[in-house]
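Okay, structure first, notes after.
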Amino acid sequence: MSIRTRFAPSPTGYMHIGNLRTALWAYLIAKKDPEGVFILRIEDTDQGRLVEGATDIIYNTMKECGLKHDEGPDVGGPVGPYVQSERVKSGLYMDYAKKLIKCGGAHYCFCNEETIAAQRAEHEASGQDIKFIDPCKNLSLEEAEARIAAGEPFVIRQTIPAEGTTSFDDEVFGHIEVDNSILDEQVLIKSDGFPTYNFANVIDDHLMGITDVVRGMEYLSSTPKYNLIYDAFGWEKPRYIHCPPVMKDEHNKLSKRNGDASFQDLMAKGYLPEAVLNYIAMLGWSPENNQEIFTLDELVQAFNVKHIGQNGAIFDPVKLTSVNGLWLRGMDLDHYYELTKEYIRSAVKGDFDLKKIAAVVQQRANTLQEIAPMLDFFDVFPEYSNDLYINKKMKTTPEVALESLKACLTLLEGLEPWNAEVLHEKLMELPAQLGKKNGQVLFPLRVAITGKQSTPGGAIELADIFGKEETLRRLRSSIAQLENA
RNA sequence: CGUGUGUUGGUGAAGCGGAUAACACAUCGCCCUUUCAAGGCGAGAUCCACGGGUUCAAAUCCCGUACACACGACCA
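The working numbering applies: residue 6 is where the first sequence begins, and numbers increase by one.
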């Protein structure tokens, strides 16, 4: 049987990194199987928490990342609808809940919130377990149905066997076994007739033929309860892959509340979707070899559930930046240029060869956002201090700079044609002729034409991009500044 | 309070009873280089939370303690 996995977010208007990683892993697990199917299901049973436009964020994020789902609300599929609020309309959850009552896996409950809170307070006060003990459990079905017929509000709760244990084998955490006595009889159908997540999730996973349930490990302790439902119905249980959390630091998970980066934020900060995916795939998972850079397809090939770790991983923006830089530098120039053109244009309005600028900036920018600030010396020749010529390592001072620059000026004034090859050839001859080190000539030249000590590209590349006229203009101005000092 | 899960350098991690405890990021140093970046090389865990135990041998197995996280919602 082929693998079917699902990503089942609730639309909160925010795609956080931990969620995206769960989606990625679910996708990888499905796609590892050539016949595998990856499904998107929207879990919006909490009508009180609906956020407008939230599902669009989910669709957009998935699309940007290339996590293409085979079935889902927008693309359809054989086991739809794929939005839980739509499924509710058919009464399907209520039907299954009633069936569950018949097979002894659930019961009606008429307790209101006050009585539950009162019991909880009582249990807390006596220092005992705060588990809710439902008095309605002992009601006969006839009695319960009569009260419902009389219009009394009700919920349906799961019935947990009083004794015994329930266990399962998680693909990540191994064998988990708990005593039934600690399992609470949770609500399956709320008084508004909607199913809770717990119930809808089980029903839908079964109805949609999910073979591998991939989700956060916060559900680890609820899983035995879900299995009890599968068993009551006599359904085959799925494999479980519970994922350890993605943390902000040792104590906190990444969250919207903490203002932590969402996928959208990372895009706005100039990261590439490929790099983000690449990086988060490795938060809690490691490949069998030491490969670091993976395309999505490569991840599909390399991914293996057995290598998912059990402990939470801290999201490190510094490492993400490094991975992003590797992606950026690894692109061919044409692609890089297309991607960064707008960013470069935003900083460089003048008539320069943008592609040449892209070539030099590619070697050093780790994110798209870093690009513009690096290019601030093109349109305007910044004012600068002659102190910039002082560089211990290069053994330069304003004095040797002046000497070098004058020689450069003479050389460049007569240089024809003006292109990178000729500039390189002639400029590299100069230091020897002057009896200086390369750096004593080329470093001052860079400062003289850019007004900065550090720039993308060196003096030669930049002189080429500036063109003869602009280069000489800047050079003369800098020489004058040195002479007047 | 109960239950579950976890704890290897600053971070991600490999490791699954016998190794000098991989690798990557970050940090520091050196080399190269027209600066910076990139690239190359090298350094850092007196030892794998702590305490016991099993074993000829433990980061690796067992028990306990501490700490962290999660669940114990008519939220997902």
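Virtual Cβ for every residue (Gly too), placed ideally from N, Cα, C.
- Closest option to G82, judged by alpha-carbon separation, among S459, F43, L487 and P39: F43.
- For S172, the enclosing beta strand (DSSP E) begins and ends at T170 to D175.
- Note that the C-beta distance between L410 and A464 is not below 8 Å.
- Its Cα nearest to that of K400, the residue Q445 stands out among Q445, I470 and P249.
- Under DSSP, the beta-bridge partners assigned to V192 are R162.
- Ranked by Cα distance from H247, the first of F199, S351, T300 and F178 is F178.
- Around the beta-carbon of M379, 16 or more other beta-carbon atoms lie within 10 Å, marking it buried.
- Boundaries for V366: no beta strand (DSSP E) harbours it, while the alpha helix (DSSP H) harbouring it runs L359 to Q367, taken from the DSSP string.
- Each residue's CA atom was taken as its position, placing Y341 and L333 some 7 Å apart.
- Assignment of beta-bridge partners to C108 by DSSP yields no partner.
- The Cβ atoms of Y224 and V207 lie no closer than 8 Å to each other.
- Between I470 and K354, the C-beta gap is not smaller than 8 Å, which leaves the two residues out of contact.
- In the same chain as D38, and ignoring 5 residues on each side of it, the C-beta atoms closer than 7 Å to its own belong to S7 and I8, in chain order.
- A residue is called buried when at least 16 other Cβ atoms come within 10 angstroms of its Cβ; A122 does not meet this threshold and is exposed.
- Around the beta carbon of H180, fewer than 16 other beta carbons lie within 10 angstroms, which makes this residue exposed.
- In this structure, F115 keeps its C-beta atom at 8 Å or more from the C-beta atom of R162.
- Looking from the CA of D356, the closest CA among T345, N65, V385 and A370 belongs to V385.
- Within the region 321 to 362, the complete alpha helix (DSSP H) segments of 4 residues or longer fall at 322 to 334 and 338 to 352, listed in chain order.
- For V251, the secondary structure class from DSSP, reduced to helix, strand or coil, is strand.
- In this structure, the beta-carbon distance from M99 to G198 falls below 8 Å.
- Closest option to Q191, judged by alpha-carbon separation, among V183, D184 and Y202: Y202.
- Residue environment: L393 is assigned as buried (16 or more neighbouring CB atoms within 10 Å of its CB, all protein chains considered).
- Secondary structure of T415 (DSSP, three-state): helix.
- Around the CB of M433, fewer than 16 other CB atoms lie within 10 Å, so the residue is classed as exposed.
- Take E255, set aside five residues on each side of it, and the residues of its chain with a beta-carbon closer than 8 Å to its own are I319, in chain order.
- The bridge partners DSSP lists for T401 are N396.
- Of E176, N117, P449 and D189, the smallest CA-CA separation from E157 is found for N117.
- With contacts defined as CB atoms closer than 8 Å, N396 and F448 qualify as a contacting pair.
- Bounds of the beta strand (DSSP E) holding L45 are V42 to L45.
- Sixteen is the threshold: when 16 or more other Cβ atoms of the shown chains lie within 10 Å of the Cβ of L29, as they do, the residue is buried.
- For P166, the closest alpha carbon among the candidates Y113, D321, L233 and D217 is that of L233.
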